[in-house]
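Participant: So that we are looking at the same thing, I have put the structure below in structure tokens.
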Amino acid sequence: MAIRELKVCLLGDTGVGKSSIVCRFVQDHFDHNISPTIGASFLTKTVPSGHELHKFLIWDTAGQERFHSLAPMYYRGSAAAVIVYDITKLDSFQTLKKWVKELKEHGPEDIVVAIAGNKNDLGDIREVPMKEAKEFAESIEAIFIETSARNAVNVEELFQKISKQIPPLENPEVESNDSFKLTRQPSSTARRCC
Amino acid sequence: MAAEDLPSEFDVVILGTGLAESVVAAACSRVGQRVLHLDRRSYYAANWASFTFNGLLTWIQEQNESQTEEVRDWSSLLEEGEELLHLSDTDSASITNLQVFCYTNEEDEEEEAESADPLNTTEEEKPEEFSHDVFIRSDFQTVTFLNQSQAAQTPGEEPEAARPHPSAAQSQSEPTRKKLSYAQLVKEGRRFNIDLVSKLLFSRGSLVDLLIKSNVSRYAEFKNVTRILTYRHGNMEQVPCSRADVFASRQLLVVEKRKLMRFLNSCMEETEEQQAYNGRPYLDFLRDQQLGDNLQHFLLHSIAMVTEDTPTEEGLASTRHFLRCLGRYGNTPFLFPVYGLGEIPQCFCRMCAVFGGTYCLRHSVHCLIVDRDTNRCRAVIDSRGQRISCSHFVVEDGCVGSDRKKMATRAVLITDASVLPGESDQQVSMVTVPPAAAGGPTVKMVELCSSTMTCVPGTYLVHLTCQSTGSAHQDLSPVVTMMFRTTESEEPGNEHGRPFVLWCFYFNMADGSAVEVEGHQLPCNVYVCSGPDGSLGHEHAVKQAEFIFHKILPDEDFCPPAPNPEDIIYDGDEGAAGQEENQGEQEIYLQNHTEHNAEEEEMTPKTTKEKDKNQSRPQTHRNTRSMQH
Ligand SMILES: Cc1cc2nc3c(=O)[nH]c(=O)nc-3n(C[C@H](O)[C@H](O)[C@H](O)COP(=O)(O)OP(=O)(O)OC[C@H]3O[C@@H](n4cnc5c(N)ncnc54)[C@H](O)[C@@H]3O)c2cc1C
Ligand SMILES: Nc1nc2c(ncn2[C@@H]2O[C@H](COP(=O)(O)OP(=O)(O)O)[C@@H](O)[C@H]2O)c(=O)[nH]1
Ligand SMILES: [Mg+2]
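Protein chains in written order, with the working numbering: chain D, -14 to 179; chain C, 11 to 639.
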């Protein structure tokens, strides 16, 4: 099966559980004291999707969202973005619009957007009604799901939904994009010099 | 902005997000220093930044606004034996002589059937046909005007419909090609990434080495510069670089081909013959090789990229560097980052953040608190009046009132065709334009195509750079009118082949290599980073960053490789999540995998404490895997 690398970036206010969702998805682990500042370069997890394997390269904010200082490079080339809010914090839902706008400004045009209402294990102190969030997501044609990184609820499902929305690969030869990453070894196809 | 305060204690506080500052930030954070990285601007990369078209218009406007600095008294924050050292808040002197010219129509011309753009169909009157007004926008008012038309755009509108057809480029040699209007440039503005500096990466230069060594390279993608051109006798010519190029060249005679091959092979080693020319101009040496005018021109201007009076040893060193860089990634020695050079500082900033660095834009430092006895900076006072203690302070040169001795001249053009149309319309070209008159500056030009993600399909982004002798417009407009067409161009019969300039702007920028950094009466733990220098490569900034890093941390490794994502093993207690955090911090251990398959992401618990050792081991084979092509 062909492996397709898909960059997914996480957005949302500090403390809503972005890093926890990644950690749950990639390592099936939850930790209350997850360090707010130490995000990953990106973590990876591969899931089957139809006739393909989707290898998610999941980029966490590395804390740069805390003082509203995410760099445009963070969004480059993302196939999908997950905007997370905390269902127990109305503020974090109200800033969703700001994140959507930010994504429209800096993100790729055809990006798949998912909205995740996290910490749904804390239903008794909920401040954001599910209906309202769902309607907002529909209005911007985004995937919507409520998750709990703590209790491993809907985290897999979130990424499955994203996988399904990713358009199948067109003929890769058609779009010959010859950009590359720098590596220690020179590319073997490079021509020899004089 | 959220009213959250910054922590009040760091090891290193860095003000300014230019390349050198960002590399220092990444390097310090990587070895465990607590880094606070600030920039008073709302964007990353300072004078190394790249902007969308609309972002650039805003930036231009900001350059014309004079900022007023309020002076406040911070002495209440001082402790015994301390005094204040004020920093300058503005950096007005680094950009001067900014002039903007728009040569395309303000609004769209009559739409053809292919474009079903709803915005255009609602337009009431169409502008007069081919009314190529020249909008000279060199002052504040006209810039304001620019922004009104920008505001007229419906926010959030998808620019999809008006996207120029990729096939538009095919017809580019026909004089009837349709020009993008100014309104379209604004509408497609977010698809531009316009750099303030114009540089390239030498494929074996210090920036490429650093990107690879540190693994910061995983955040960026690159394109090869696909060809080297030179402008001679009114013509654009391709400079043969590789053996294949030399043999395929139609401009070179067979004798010339042989001579060039012989010369290039022989100059790689130092010979006594060469040494005899030490101190004498490289041009003399080349002349005496009996290479002929053509080859001499290529070697001096396009390969060594030096001037007629550069000494031989320097010219040879540049020639060798060029040759060594060939063939590593492509056919020319140069690379260009996709989305523009402004990505590079951001990549280093991300590396810093990943290792715990704190980032805050739109935030500055007003003054330093200096210990009188030791002349060390103990703390800074930020723009909110908070005292933040630090052991080291790194600052961009604009904030310490440095002298600007030398300026670089820049022009950026959006054009509608390549300066040398070829089989492919997706070429990235490095062009050298030798001085028109003896002693004048050599102009370096980089032409970027849309696949570099710096401009929209159907357009090219052209960067011109030279050493300044007058204002940017004085220095470069003769070159622009010589190689391009504007509505000001005369001789309409003679200019079909030349690209048309849709929009351009000129400015001068302080040359960082000439900034006086030493000799300031600065505290001994304060380090100044200079802005972009005028040279083509990035050696200056990388060297400066490494120098500052070693002053701060003499015994630490500079940018050891960050672990690869697949190597990060979460030391989870299976089934008992959250059990082991009695230690206050949960731990992650790294492990080198030897097998790579789809299952490798299934993290297995591991308990060795060899964290540091594992981290710094390069994982060569893995990097190969990240090759996308
Ligand atoms: C959801 C998620 C959660 C993550 N959570 C964490 C996390 O909580 N912690 C984490 O490190 N990575 C975490 N990562 C991985 C990660 O973000 C980075 O890739 C990782 O921090 C780099 O690994 P490192 O341990 O080598 O970092 P280091 O550079 O080692 O830094 C980690 C911290 O440990 C300290 N440290 C480093 N070496 C030593 C030492 N020898 N002795 C004492 N202290 C030392 C550093 O000062 C720093 O504060 C997480 C990733 C994801 C996706
Ligand atoms: N109850 C509960 N707490 C969570 C959940 N997800 C994250 N948290 C907690 O919320 C806090 C912030 O999480 P973190 O992942 O660091 O948020 P980030 O700043 O968005 O990355 C941490 O204390 C987490 O333990 C969840 O699903 N349920
Ligand atoms: Mg986080």
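The beta carbon of each residue, even a glycine, is placed where N, CA and C say it ideally should be.
Nothing here was measured: the structure is a model prediction, and the numbers come from that model.
Take ALA421 (chain C) as the anchor and find which of C:PRO291, C:THR491, C:GLN285 has the nearest alpha-carbon.
Facilitator: Within the second sequence, the letter at position 411 stands for residue 421 (chain C). Nearest C-alpha to ALA421 (chain C): C:THR491.
Participant: Taking beta-carbon pairs under 7 Å, can you tell me which members of the stretch 334 to 360 of chain C lie near chain A?
Facilitator: The structure shown has no chain A; the protein chains it does contain are D and C.
Participant: To the nearest angstrom, report how far apart CYS476 (chain C) and ASN535 (chain C) are at their CA atoms.
Facilitator: Counting from 1 along the second sequence, the entry for residue 476 (chain C) is found at position 466. Counting from 1 along the second sequence, the entry for residue 535 (chain C) is found at position 525. CYS476 (chain C) and ASN535 (chain C): Cα-Cα distance of roughly 35 Å.
Participant: On the criterion of 16 or more Cβ atoms from any shown chain inside 10 Å, does ARG40 (chain C) qualify as buried, or is it exposed?
Facilitator: Working through the second sequence from its first residue, we reach residue 40 (chain C) at position 30. Looking at its Cβ environment, which holds 16 or more other Cβ atoms inside 10 Å, ARG40 (chain C) is buried.
Participant: Between VAL390 (chain C) and chain D, is the shortest Cβ-Cβ distance under 7 Å, so that the two count as touching?
Facilitator: Looking up residue 390 (chain C) in the second sequence gives position 380. Not closer than 7 Å to any Cβ of chain D, the Cβ of VAL390 (chain C) fails to qualify, so no.
Participant: Where in the stretch 389 to 466 of chain C do unbroken runs of the beta strand (DSSP E), each at least 3 residues long, occur, reported from the N-terminal end onward?
Facilitator: List check, beta strand (DSSP E) in window: 397 to 399, 402 to 406, 417 to 425, 439 to 443, 453 to 458.
Participant: Can you list, in chain order, the residues of its chain with a C-beta nearer than 6 Å to that of SER441 (chain C)? Leave out the 5 residues immediately preceding and following it.
Facilitator: Here residue 441 (chain C) corresponds to residue number 431 of the second sequence, with the count starting at 1. The amino acid occupying residue 441 (chain C) in the given sequence is Val; Ser does not appear at that position. Same-chain partners within the cutoff: LEU239, MET455.
Participant: Since VAL32 (chain D) and SER148 (chain D) should fall inside the 8 Å C-beta cutoff, what is the C-beta to C-beta distance between them, to a whole number of angstroms?
Facilitator: Counting from one through the first sequence, the residue named residue 32 (chain D) turns up at place 47. Counting from one through the first sequence, the residue named residue 148 (chain D) turns up at place 163. Indeed they touch by this definition, with Cβ atoms about 6 Å apart.
Participant: On the premise that GLU279 (chain C) lies in contact with SER164 (chain D), defined as a C-beta separation below 8 Å, what is that separation, rounded to the nearest angstrom?
Facilitator: For the purposes of this step, residue 164 (chain D) is identified with residue 179 of the first sequence, where counting begins at 1. For the purposes of this step, residue 279 (chain C) is identified with residue 269 of the second sequence, where counting begins at 1. Not really, about 35 Å apart at Cβ, beyond 8 Å.
Participant: Please confirm whether SER34 (chain D) has its beta-carbon closer than 7 Å to some beta-carbon of chain C.
Facilitator: Here residue 34 (chain D) is taken as the residue at index 49 of the first sequence, counted from 1. Not one chain C Cβ lies under 7 Å of SER34 (chain D).
Participant: Report the neighbours of THR368 (chain C) on chain D: residues whose CB is nearer than 8 Å to its CB, in chain order.
Facilitator: As a first step, residue 368 (chain C) must be located in the second sequence, where it is residue number 358. Going along chain D in sequence order, the residues near THR368 (chain C) (Cβ under 8 Å) are THR22, GLY48, ARG51, PHE52.
Participant: Report the neighbours of GLU90 (chain D) on chain C: residues whose CB is nearer than 9 Å to its CB, in chain order.
Facilitator: If you number the first sequence from 1, residue 90 (chain D) lands on position 105. Per Cβ cutoff of 9 Å: THR62, ARG200.
Participant: Using a C-beta cutoff of 7 Å, does ILE424 (chain C) count as contacting chain D?
Facilitator: Translated into positions along the second sequence, residue 424 (chain C) becomes position 414. Closer than 7 Å: no.
Participant: If you count every other CB in all the chains shown that lies within 10 Å of the CB of LEU263 (chain C), and 16 or more means buried, which is it?
Facilitator: Along the second sequence, one-based indexing puts residue 263 (chain C) at 253. Label assigned to LEU263 (chain C): exposed.
Participant: If we call anything under 7 Å between Cβ atoms a contact, is CYS(-6) (chain D) one with TYR59 (chain D)?
Facilitator: Sequence index remark: in the first sequence, residue -6 (chain D) carries index 9 (1-based). Sequence index remark: in the first sequence, residue 59 (chain D) carries index 74 (1-based). Against a cut-off of 7 Å, the Cβ pair of TYR59 (chain D) and CYS(-6) (chain D) comes out as a contact.
Participant: Taking CYS476 (chain C) as part of the beta strand (DSSP E), name the residues at either end of that continuous run.
Facilitator: Reading the second sequence from its first residue, position 466 is the one you call residue 476 (chain C). Where CYS476 (chain C) is concerned, the enclosing beta strand (DSSP E) stretches over 470 to 477.
Participant: Around the C-beta of ILE(-12) (chain D), are 16 or more other C-beta atoms found within 10 angstroms, so that it is buried, or is it exposed?
Facilitator: Within the first sequence, numbered from 1, the residue matching residue -12 (chain D) stands at position 3. When all chains shown are included, ILE(-12) (chain D) counts as exposed.
Participant: Which same chain residues end up closer than 7 Å to LEU167 (chain D) when comparing Cβ atoms and leaving out the 5 residues on each side of it in sequence?
Facilitator: Looking up residue 167 (chain D) in the first sequence gives position 182. Closer than 7 Å at the Cβ level, and outside the excluded window around LEU167 (chain D), lies no residue.
Participant: Take GLU87 (chain D) as the anchor and find which of D:GLU(-10), D:LYS(-8), D:LEU(-4), D:LEU(-9) has the nearest alpha-carbon.
Facilitator: As a working note, residue 87 (chain D) is residue 102 in the first sequence. It is D:LEU(-4).
Participant: Let me know if MET519 (chain C) comes out buried or exposed under the rule of 16 or more other beta-carbons within 10 Å of its beta-carbon.
Facilitator: Locating residue 519 (chain C) in the second sequence gives position 509, counting from the first residue. With 16 or more Cβ atoms within 10 Å of its Cβ, MET519 (chain C) is classed as buried.
Participant: For GLY541 (chain C), which of helix, strand or coil comes out of DSSP?
Facilitator: What you label residue 541 (chain C) is simply residue 531 of the second sequence in a count that begins at 1. Coil, per DSSP.
Participant: Do we get a CB-CB distance below 7 Å when we pair ALA363 (chain C) with the residues of chain D?
Facilitator: Translated into positions along the second sequence, residue 363 (chain C) becomes position 353. Answer yes: the Cβ-Cβ gap between ALA363 (chain C) and chain D drops below 7 Å somewhere.
Participant: Any beta carbon of chain D sitting closer than 7 Å to that of ASP15 (chain C)?
Facilitator: Position 5 of the second sequence, counting from 1, holds the residue named residue 15 (chain C). Cβ-Cβ to chain D under 7 Å: no for ASP15 (chain C).
Participant: Let me check you understand the geometry: is the CB of ILE28 (chain D) closer than 6 Å to at least one non-hydrogen atom of ligand 2?
Facilitator: The residue given as residue 28 (chain D) occupies position 43 in the first sequence. The residue asked about is misnamed: residue 28 (chain D) is Leu in this sequence, not Ile. No, Cβ of LEU28 (chain D) sits at least 6 Å from all heavy atoms of ligand 2.
Participant: How big is the Cα-Cα spacing for HIS91 (chain D) and LEU88 (chain C)?
Facilitator: Taking the first residue of the first sequence as 1, we reach residue 91 (chain D) at position 106. Taking the first residue of the second sequence as 1, we reach residue 88 (chain C) at position 78. Answer to the nearest angstrom: the Cα atoms are 42 Å apart.
Participant: I need the straight-line Cα distance from SER481 (chain C) to PRO570 (chain C), nearest angstrom please.
Facilitator: For the purposes of this step, residue 481 (chain C) is taken as the residue at position 471 of the second sequence. For the purposes of this step, residue 570 (chain C) is taken as the residue at position 560 of the second sequence. For SER481 (chain C) and PRO570 (chain C), the distance between alpha carbons rounds to 43 Å.
Participant: Is it true that the stretch 546 to 565 of chain C meets the stretch 200 to 218 of chain C, where meeting means three or more beta-carbon pairs spaced less than 8 Å apart?
Facilitator: They touch, by the three-pair rule.
Participant: Return yes when the Cβ of GLU112 (chain D) is within less than 7 Å of the Cβ of THR73 (chain D), no when it is not.
Facilitator: By 1-based counting over the first sequence, the position of residue 73 (chain D) is 88. By 1-based counting over the first sequence, the position of residue 112 (chain D) is 127. Yes, they are a contact pair.
Participant: Let's see if you can read the secondary structure: which residues bound the beta strand (DSSP E) around ASP95 (chain D)?
Facilitator: Locating residue 95 (chain D) in the first sequence gives position 110, counting from the first residue. Neither: ASP95 (chain D) is in no beta strand (DSSP E) and is coded neither H nor E.
Participant: Quick check on MET315 (chain C): does DSSP put it in helix, strand or coil?
Facilitator: As a first step, residue 315 (chain C) is located in the second sequence; it is residue number 305 there, counting from the start. Of the three classes helix, strand and coil, the one that applies to MET315 (chain C) here is coil, per DSSP.
Participant: Report the option in C:SER18, C:VAL538, C:THR497 whose CA atom is closest to the CA atom of THR6 (chain C).
Facilitator: Here chain C covers residues 11 to 639 and nothing more, so residue 6 (chain C) does not appear.
Participant: At a CB distance below 8 Å, what residues from the stretch 108 to 136 of chain D approach chain C? Give them in sequence order.
Facilitator: Under the 8 Å Cβ criterion, the stretch 108 to 136 of chain D contributes no residue.
Participant: Should LYS3 (chain D) be listed as close to ligand 2, given that the test is whether its C-beta is under 6 Å from any heavy atom?
Facilitator: If you number the first sequence from 1, residue 3 (chain D) lands on position 18. Indeed, a heavy atom of ligand 2 lies less than 6 Å from the Cβ.
Participant: DSSP on ASP383 (chain C), reduced to helix/strand/coil?
Facilitator: Here the question's residue 383 (chain C) lines up with position 373 in the second sequence. Coil.
Participant: Residue range of the beta strand (DSSP E) that TYR292 (chain C) falls in?
Facilitator: Walking along the second sequence from the start, residue 292 (chain C) turns up at place 282. Segment 292 to 298 is the alpha helix (DSSP H) holding TYR292 (chain C); no beta strand (DSSP E) there.
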